[in-house]
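Report on one structure; see the data block that follows.
In this note's numbering, the protein residues as written are 24 to 293.
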């Protein structure tokens, strides 16, 4: 009797999952979807999916797959993915997420929305926080500048970071550049307090305190550039920038990167 009840329970779960998957396919994803950050287009028609990557198109048979509380749209064959694009995650906010599958580089992150909503999603929005615009202290405890894409005069373009922090009572400056699949430069130098004073002076000269809390982006979870400063007084500066809004980025990247490279041995800068 117990085995029969258990078997019926399993059948109910399987049927419920199947019907739920059909409902997802028919009601949630039917129609055309566009990538917010690219030109890839999805077109769903029942269990058929047409994916247009720029100039070429691929067609798949798809199915819904439930894992715990998350639903995925997957290729009906054994791979689950769609060429270089991973399977699609149906999110709570109504978007479809996927990732470009590349072994030796950071792949593209797909965020698909319905065609009728694409213009709204691509519009730049103000997610700024109300943070103090007056900073009294000039004693920096930590500093961090991260740029998703930057091209220094001496190096290839890529992701660059400049950080200053304390370790055992001593201060260090770290500078790193990463290309698509290789390290451009990585350097760590112990710095004097005079270096921190130069950094604090540059922050004041650039009036970054007036932009404290600023964050413009197409989507709240899309962050490309960040600047964080923490002072001994506990005061902080936080500035962020996202896709489509980097023209509003208020930081003069060149000036800060020039300061960062001023303590790097010349042999590393060739």
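Don't be surprised by glycine CBs; every beta carbon is placed ideally from N, CA and C.
> Quick one: is residue 54 buried, meaning 16 or more other Cβ sit within 10 Å of its Cβ, or exposed?
Replying inline: Walking along the chain shown from the start, residue 54 turns up at place 31. Classification for residue 54: exposed.
>> Taking contact to mean 3 or more Cβ pairs, one atom from each stretch, closer than 8 Å, check whether the stretch 246 to 253 and the stretch 265 to 283 are in contact.
In response: yes
>> Run through the DSSP bridge pairs and tell me what residue 200 is partnered with.
In response: Position 177 of the chain shown, counting from 1, holds the residue named residue 200. BP columns for residue 200 point to 183, 208.
> In angstroms, rounded to a whole number, what distance separates the CA positions of residue 177 and residue 293?
Replying inline: Along the chain shown, one-based indexing puts residue 177 at 154. Along the chain shown, one-based indexing puts residue 293 at 270. When rounded, the separation of the alpha-carbon atoms in residue 177 and residue 293 is 7 Å.
> Taking the alpha carbon of residue 211 as the point to measure from, which residue in 221, 187, 112, 202 has its own alpha carbon closest?
Replying inline: Position 188 of the chain shown holds residue 211. Selected option, being the one with the closest Cα: 187.
> Is it a yes or a no for the stretch 231 to 242 touching the stretch 254 to 261, going by three-plus beta-carbon pairs under 8 Å?
Replying inline: yes
> Buried or exposed: residue 100, going by 16 or more other Cβ atoms within 10 Å of its Cβ?
Replying inline: Here residue 100 refers to the residue found at position 77 when the chain shown is read from its first residue. The residue is exposed, with fewer than 16 neighbouring Cβ atoms inside 10 Å.
> What is the rounded straight-line gap between the Cα of residue 241 and the Cα of residue 122?
Replying inline: Residue numbering aside, residue 241 sits at position 218 when the chain shown is read from its first letter. Residue numbering aside, residue 122 sits at position 99 when the chain shown is read from its first letter. Cα to Cα, the separation comes out at about 19 Å.
>> Taking 7 Å as the limit between beta carbons, can you name the residues of its chain near residue 136, skipping five residues before and five after?
In response: Locating residue 136 in the chain shown gives position 113, where the first residue counts as 1. Closer than 7 Å at the Cβ level, and outside the excluded window around residue 136, lie 56, 57, 59, 118, 144.
> From which residue to which residue does the alpha helix (DSSP H) around residue 70 run?
Replying inline: Translated into positions along the chain shown, residue 70 becomes position 47. Segment: none, residue 70 is in no alpha helix (DSSP H) and carries neither H nor E.
>> Tell me the residue span of the beta strand (DSSP E) that contains residue 261.
In response: Taking the first residue of the chain shown as position 1, residue 261 is located at position 238. Note, residue 261: beta strand (DSSP E), 259 to 264.
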